[in-house]
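Residue numbers are given in this note's numbering: position 102 of the sequence shown equals residue 103, and the series is strictly consecutive.
Glycine is no exception: its CB is placed at the ideal position from the N, C-alpha and C atoms.
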Amino acid sequence: MNLNLKGKNAFVGGSSKGIGWATAMELAILGANVTLVSRTENSLVSKLALLPNDGSQSHDFQVLDYENLPDFEKKVDTIEKQYHIIINNTGGPSGGNIIEEPTEKFEAVFRQHLETAQILAQRFIPFMQSEGFGRIVNIISVSVKQPIVGLGVSNCIRYAVAAWAKTLSKEIANRGITVNNVLPGYTLTDRLEEVFNQKVISTGISKEELIKEIIKSIPTGKIALPEEVAAAVAFLCSPAAASVNGINLPVDGGMSMSL
2 MNLNLKGKNA FVGGSSKGIG WATAMELAIL GANVTLVSRT ENSLVSKLAL
52 LPNDGSQSHD FQVLDYENLP DFEKKVDTIE KQYHIIINNT GGPSGGNIIE
102 EPTEKFEAVF RQHLETAQIL AQRFIPFMQS EGFGRIVNII SVSVKQPIVG
152 LGVSNCIRYA VAAWAKTLSK EIANRGITVN NVLPGYTLTD RLEEVFNQKV
202 ISTGISKEEL IKEIIKSIPT GKIALPEEVA AAVAFLCSPA AASVNGINLP
252 VDGGMSMSL
C-alpha cells in the first residue's frame with residue numbers, strides 16, 4: 002500500500018491540539034511537509050518542534066483566525082507556499098437548541114466553516130491541478146449522518162460543508178484531486194469536554210453518568226482517540242486512496258444508525 006507523502010505539502014487547520022494535531026503528526030510520519038495552522042502563535046511554535054522530521058522535511062506554521070473572515074482571506078492570499086493537501090478542521094460552535102439560536106450565529110459559523118474552506122480551495126486547487134495530485138479532507142462530524150440533539154447550528158453547518166465537498170469532488174476529480182469528509186463521533190478532545198460540560202448544565206446529570214450513557218451508545222464501547230481519527234484522514238490523503246472520492250467516512254465506533 003502506497004502511503005508515501007514525501008514531497009507533498011500539507012496545510013492542516015486547527016492543528017495546535019486535538020484531532021488537528023494528531024493529523025499533522027500522521028502526515029509528517031508519512032513524509033509530508035506540514036504547515037500547522039492555529040490562531041495562537043505560542044502553541045504553534047512549541048508544537049512545530051515536536052513534528053517528526055527525517056531531515057529532509059520542511060515544516061512551518063501559519064497564524065490564522067478562522068473567525069475573522071476578511072483577515073483570514075487577506076493572509077491566505079499572501080501565503081507563498083503551495084499545497085497538495087488541505088485539511089479543513091475548525092472548532093465547532095457552542096451548543097444550544099436550534100429554535101433558540103439567533104440568525105447571526107448561523108451566519109458566523111457558516112463563514113468560519115464553509116467560506117474559509119472555499120477560500121482555501123480557490124487559492125490552492127490550481128496548484129493541485131498543475132501537479133496532478135491533490136487531497137482535500139474536511140474533518141466535520143458524525144452529525145452529518147445523524148444530527149446530535151443540542152448542537153443545532155453545528156448540525157446545519159456541518160451538513161452544508163459535506164454538501165459543498167460532494168459538489169466539489171465531482172468538479173475536480175479528473176485532475177487527480179479528491180475531496181472527502183471524515184466524520185468523527187465522540188472523540189477525546191477539548192471540544193468534547195466542552196460539550197460534556199454544556200450537557201451537564203442543561204440536563205442536571207453528573208459527568209460520570211453522562212459518559213457512561215454515551216459509551217453505552219457506542220458499539221465498540223469506547224470513546225475514540227484523536228489518533229484514530231487522524232489515521233483515517235491520513236489514509237485519504239495518501240496515493241493509495243486515489244479512487245476514494247466524495248465520501249463521508251464515519252469514525253464513530255459504529256454509533257451512527259445510518260448506513
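When the beta-carbon positions are compared, residue 57 and residue 37 stay at least 8 angstroms from each other. In the three-state reduction of the DSSP assignment, residue 113 falls in the helix class. Secondary structure at residue 88: strand, using DSSP grouped into helix, strand and coil. With a beta-carbon spacing of about 4 angstroms, residue 170 and residue 180 fall inside the 8 angstroms limit used to define contacts. Cβ-Cβ distances below 6 angstroms link residue 151 to 96 in the same chain, with the five nearest sequence neighbours on each side left out; the list follows chain order. For the alpha helix (DSSP H) assignment, the uninterrupted runs of no fewer than 4 residues enclosed by the segment 106 to 166 are, from N- to C-terminal side, 117 to 132. Between the segment 105 to 115 and the segment 47 to 61, the count of Cβ pairs shorter than 8 angstroms is below three; the stretches do not touch.
Between the C-alpha atoms of residue 208 and residue 224 there is a straight-line separation of about 14 angstroms.
According to DSSP, residue pairing for residue 11 in a beta bridge involves 35, 86. Runs of the alpha helix (DSSP H) lying entirely within the segment 158 to 234 and spanning at least 4 residues, in chain order: 191 to 204, 208 to 217. If the five residues before and after residue 130 are omitted, its C-beta is found closer than 6 angstroms to the C-beta atoms of 176, all from its own chain and listed in chain order. In the DSSP assignment, residue 250 falls within the beta strand (DSSP E) that extends over 249 to 252.
Going by C-alpha positions, residue 155 is about 11 angstroms away from residue 91. Contact check between the segment 45 to 53 and the segment 120 to 129: fewer than three CB pairs, one atom from each, fall below 8 angstroms, which does not count as touching. Apart from the 5 residues on each side of it in sequence, residue 39 sits with its Cβ closer than 6 angstroms to the Cβ of 17, 45 in its chain, given in chain order.
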